[in-house]
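Peer 1: If you're matching positions, the sequence shown starts at 41 in the working numbering and goes up one per residue. Positions of the beta carbon are idealized from the N, C-alpha and C atoms, including for glycine. Bear in mind the structure is a predicted one, so any value in this text is a computation, not a measurement.
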Amino acid sequence: MDERGFNPKRLREARMVRELSIAELADKIGVSKQAISQFELGESVPKAENMMAIINALRFPKSFFYGDSEQNVGNTFFRANATATKKSREMQLNKSYLAGYIFDYLSKYIDFPKLNLPDAKEFSNCDWDAISIEKLAQLTREHWGLGDKPITNIVNLLERNGIMVFSIHMDSEKIDAFCQHRKGRPFIFLGDDKQSAVRRQLDGAHELGHRLMHEDVNNDLLSREEFKKIEEQANRFASAFLLPAEAFAKTVTSTSLLHFVELKKYWKVSIAAIIYRCKDLGLITESKYTSLFKQMSMKRMRVKEPLDDVIPVPEPVVLRKSIQMLLDKNVKNELQIIHESGVPQEYAEMLCNLDVGALNVKDPEATVKLAVNPFN
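1. Indicate the three-state DSSP secondary structure (helix, strand or coil) for residue 129 in the structure shown.
2. For the candidate residues 93, 317, 263, whose alpha-carbon lies nearest to that of residue 67?
3. According to DSSP, is residue 140 helix, strand or coil?
4. Hey, out of 157, 271, 231, whose CA is closest to residue 185's CA?
5. Quick check: the Cα distance between residue 125 and residue 215, rounded to an integer number of angstroms?
6. Looking at C-alpha atoms only, which residue of 296, 251, 293 is the closest neighbour of residue 274?
7. If I measure Cβ to Cβ from residue 236 and keep anything under 6 Å in the same chain, skipping five residues before and after, which residues do I get?
8. Use the C-beta contact count for residue 397: other C-beta atoms within 10 angstroms, 16 or more gives buried, fewer gives exposed.
9. Using the rule of at least 16 other Cβ atoms within 10 Å of the residue's Cβ for burial, across every protein chain shown, is residue 169 buried or exposed?
10. Can you check the stretch 172-231 for any beta strand (DSSP E) of at least 3 residues that lies completely inside it and give the ranges in chain order?
11. Run through DSSP, which three-state label would residue 301 get?
12. Please look up how many angstroms separate the CB atoms of residue 313 and residue 242, rounded, as I've assumed it's under 8 Å.
13. What does DSSP give as the partner residues of residue 113 in its beta bridges?
14. Please name the residue, chosen from 73, 307, 205, 261, that lies closest to residue 62 on a Cα-to-Cα basis.
15. For residue 119, which three-state DSSP category applies?
16. Mind the definition here: the stretch 361-369 touches the stretch 70-90 only if three or more C-beta pairs lie below 8 Å; say whether that holds.
17. Expressed to the nearest angstrom, what Euclidean distance is found between the alpha-carbon atoms of residue 100 and residue 58?
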């Protein structure tokens, strides 16, 4: 690759992934801030020595900086605390671009499951009140043949139906998950910072709700009140999808906390979410609802509930199996996957849910072949 193919957008993406300011990167490679700005704006191209310094500072393969940046990314919805910073959200957004690059690379060799979502034409121009959200959740269950049984693994369910799911380090306590409307199929990113099966179940269903209800919503134009409203709608969908009204109500035979622990074991949904659902369906009074949460606080169950360390956390498997297939069938080796996708090893491993070190070079001859210019 020659210097004419340098992609300035990729430089900014790599810098943001590494959480470096322009000044910090400039200091690391020994150039001015103006020089970095010019590189990122496409006003100048890094010389060979600067390019190598950038590669070393950002720890990205050289091939990354010469790739295409067009990914047709639509709206991104963050399941985040209102105090999550713009910088934090932008860092996650740039990680999502890496997910797109690794997916596009693997798509050359792997036929991924086709996207299979319910036809929601009847909900066109819907205001998404409680009734319509309940109907959409039921329609989705019917379309996927789930009946009224518990969903034990939301991640596997989403992957089987063509939604790409990634488990990533959010590096922030204020962001739990986010989803993107992409051309062809949605991407859902679930945080692995707070390992909890029931949290992941709710996050996955919440992001599915955004995909089904808010594909045409431009969240950048929403007011704080409007954003809160669509978050509440996604929460209602997640609750209705995971806890179908009629079947769930039949299992609520007591309003004791002990009984709700048993319901959690059966439905694979948090005790807190079960209490919310009971209130929404009129199965408990407002005072009982308040009383139950007070009991949870007294028993220190608001942060960590019973069974949180017992129920297995659902993990994505589609991309991991794809990488393993390429390696097992000798279609590609570890070095080629990193070099050709352009995604740094630790991010390729994380995004594909591989063990740390899974893409370490295992063939010494492959290293020798590319040793002259391994990032070319």
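Peer 2: Considering the structure as presented:
1. helix
2. 93
3. Three-state DSSP puts residue 140 in a helix.
4. 157
5. Going from the Cα of residue 125 to the Cα of residue 215 covers about 10 Å.
6. 251
7. Residues 348 of the same chain have their beta carbon placed closer than 6 Å to that of residue 236, with the five preceding and five following residues left out of the count.
8. exposed
9. exposed
10. 204-208, 215-222, 227-231
11. Helix, per DSSP.
12. So it is a contact: roughly 6 Å between Cβ atoms.
13. 222.
14. Selected option, being the one with the closest Cα: 73.
15. Note: residue 119 maps to strand in three-state DSSP.
16. By the Cβ rule, the stretch 361-369 does not count as touching the stretch 70-90, because fewer than three pairs are nearer than 8 Å.
17. 10 Å
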